[in-house]
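Quick note: the sequence shown uses the UniProt record's numbering, first residue 1, plus one each step. From the three backbone atoms N, C-alpha and C, an ideal C-beta is built for every residue, glycine too. Source: prediction; values computed, not measured. Accompanying notes for the structure given below.
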Amino acid sequence: SKIQEISPISNALKIASSKFLQIEKALEMWIGTVEQYKLTLTSKVICQKALQFAALLGISEEEFRASQG
């Protein structure tokens, strides 16, 4: 059936979303810490940190591309 055909894709998207959610949560915590020290944050720095968190989680740059949008 079509549902069975879509299911593996759906599961892959759920896994990717879960991984990206981990990056987002890590970024939120990191940004909170940086703001406590009143340091300046730029989009570029946030994107670089997101890529670092992705790498720590075993997510390749092909899977995750940090963007400003």
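- Put simply, the backbone Cα of E61 is about 29 Å away from that of Y37.
- Distances from the CA of I46 to each of K19, S18, M29 and S17 were compared; the closest alpha carbon is that of M29.
- Every alpha helix (DSSP H) of 4 residues or more that sits fully in the UniProt domain "HTH CENPB-type" (21–69) is shown, in chain order, as 43–56.
- By the C-beta density criterion, A54 is buried, having at least 16 other C-beta atoms within 10 angstroms.
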